[in-house]
Amino acid sequence: GIEKEEITSRTFSDPDWGATAVDGSPIPPEELPFAKVIRTGEPIYGYEHAIERPCGARRILSVSGAPLEGAEGELQGALFHLNDVTEREGRKQVLRERKQKIEALYKATGRLLRARSREAVSARVHEVVQDVFAYPFGHTTFLEGDTFVPERTLAPDDLRVPDPEPRPAGGDTVIDRTL
Numbered sequence: 007g008i009e010k011e012e013i014t015s016r017t018f019s020d021p022d023w024g025a026t027a028v029d030g031s032p033i034p035p036e037e038l039p040f041a042k043v044i045r046t047g048e049p050i051y052g053y054e055h056a057i058e059r060p061c062g063a064r065r066i067l068s069v070s071g072a073p074l075e076g077a078e079g080e081l082q083g084a085l086f087h088l089n090d091v092t093e094r095e096g097r098k099q100v101l102r103e104r105k106q107k108i109e110a111l112y113k114a115t116g117r118l119l120r121a122r123s124r125e126a127v128s129a130r131v132h133e134v135v136q137d138v139f140a141y142p143f144g145h146t147t148f149l150e151g152d153t154f155v156p157e158r159t160l161a162p163d164d165l166r167v168p169d170p171e172p173r174p175a176g177g178d179t180v181i182d183r184t185l
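Structure (structure tokens):
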């Protein structure tokens with residue numbers, strides 16, 4: 007971490023804080039929360055920006071602050087609260103990525119439903135597995151009556167995967183249990 011003396015000797019706009027917008031773009035010093043509160047005399051709530059620690063770790067802060075006024079209403083300073091929201095922002099990013107995958111699956115379902123042949127269904131299933139999940143291996147099997155009939159297997163070149171054989175349904179495999 008940073009020693010207390012080093013923290014208290016820095017100004018809010020000290021370049022050593024490495025303050026940027028959450029997206030990494032620069033923030034003019036006059037737009038930083040402290041400067042805005044002092045300039046406008048108005049409180050600020052939940053202003054988010056990033057800082058870079060000396061070790062290179064990037065943290066996202068949520069800053070709230072309010073002016074401190076004297077008995078005559080004159081500005082005497084400001085009081086601020088900083089909250090490290092880095093982990094929360096990371097979770098929000100995970101949710102955004104999941105949402106994108108769900109939307110991609112929804113679109114892919116429409117393409118899948120418009121497939122006119124078994125081969126087209128198989129090809130589109132493999133596209134979805136690759137595009138949405140970035141998973142290079144895929145196997146498509148169709149249920150015909152009481153028999154699982156393999157249609158297509160794709161695998162990376164360096165992975166040897168035997169071609170599956172048709173087999174009766176009703177076993178204790180993942181595919182059997184999903185039916």
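With my numbering as the guide, the letters of the sequence shown map in order to residues 7 to 185.
All residues carry an ideal CB built from backbone N, CA and C; glycine is no exception.
The model shown is predicted, which means the values in this text are computed figures rather than measured ones.
Between which two residues does the alpha helix (DSSP H) holding residue 133 run? If you number the sequence shown from 1, residue 133 lands on position 127. Note, residue 133: alpha helix (DSSP H), 124-139.
Pick helix, strand or coil for residue 171, following the three-state DSSP scheme. Taking the sequence shown and counting its residues from 1, one reaches residue 171 at position 165. Three-state DSSP puts residue 171 in coil, outside helix and strand.
Where residue 18 sits in the DSSP three-state scheme: Position 12 of the sequence shown, counted from the start, is the residue given in the question as residue 18. Residue 18: coil per DSSP, three-state reduction.
Name the DSSP bridge partner or partners of residue 156? Looking up residue 156 in the sequence shown gives position 150. 147, per the DSSP bridge assignment.
Residue environment, residue 128, which counts as buried when at least 16 other CB atoms sit within 10 Å: Against the sequence shown, residue 128 aligns to sequence position 122. Residue 128 is buried by the Cβ-count criterion.
For the structure I just gave you, are there three or more beta carbon pairs, one from the segment 54-66 and one from the segment 76-83, closer than 8 angstroms? no
For residue 39, count neighbouring Cβ atoms within 10 angstroms of its own Cβ and tell me buried if that reaches 16, exposed if not. Locating residue 39 in the sequence shown gives position 33, where the first residue counts as 1. Buried, by the Cβ-count rule.
Is residue 173 closer than 8 angstroms to residue 154 when the C-beta atoms are compared? Taking the first residue of the sequence shown as position 1, residue 154 is located at position 148. Taking the first residue of the sequence shown as position 1, residue 173 is located at position 167. Cβ distance < 8 angstroms, so residue 154 and residue 173 count as in contact.
Buried versus exposed call for residue 146 [16 or more other C-beta atoms within 10 Å across all chains shown]: As a working note, residue 146 is residue 140 in the sequence shown. Buried, by the Cβ-count rule.
Cβ separation of residue 57 and residue 25, assumed to be a contact under 8 angstroms, to the nearest whole Å: By one-based count along the sequence shown, residue 57 stands at place 51. By one-based count along the sequence shown, residue 25 stands at place 19. Confirmed, about 5 angstroms.
Whole-angstrom distance between residue 102 and residue 95, CA atom to CA atom: The residue given as residue 95 occupies position 89 in the sequence shown. The residue given as residue 102 occupies position 96 in the sequence shown. Taking the straight line from one Cα to the other gives about 10 angstroms.
Look at the alpha carbon of residue 126 and the alpha carbon of residue 171, and state the distance between them as a whole number of angstroms. Numbered from its first residue, the sequence shown carries residue 126 at position 120. Numbered from its first residue, the sequence shown carries residue 171 at position 165. Rounded to the nearest angstrom, the two C-alpha atoms are 20 angstroms apart.
How close, in whole Å, do the beta carbons of residue 134 and residue 119 come, if the pair is a contact with beta carbons under 8 angstroms? As a working note, residue 134 is residue 128 in the sequence shown. As a working note, residue 119 is residue 113 in the sequence shown. In fact, because the Cβ distance is near 12 angstroms, the residues do not count as touching under 8 angstroms.
May I have the straight-line CA-CA distance separating residue 32 from residue 53, to the nearest angstrom? Residue numbering aside, residue 32 sits at position 26 when the sequence shown is read from its first letter. Residue numbering aside, residue 53 sits at position 47 when the sequence shown is read from its first letter. If I take the Cα positions, the gap works out to 15 angstroms.
Label residue 69 either buried or exposed according to how many other C-beta atoms from any shown protein chain fall within 10 Å of its C-beta, with 16 as the threshold for buried. If you number the sequence shown from 1, residue 69 lands on position 63. Looking at its Cβ environment, which holds 16 or more other Cβ atoms inside 10 Å, residue 69 is buried.
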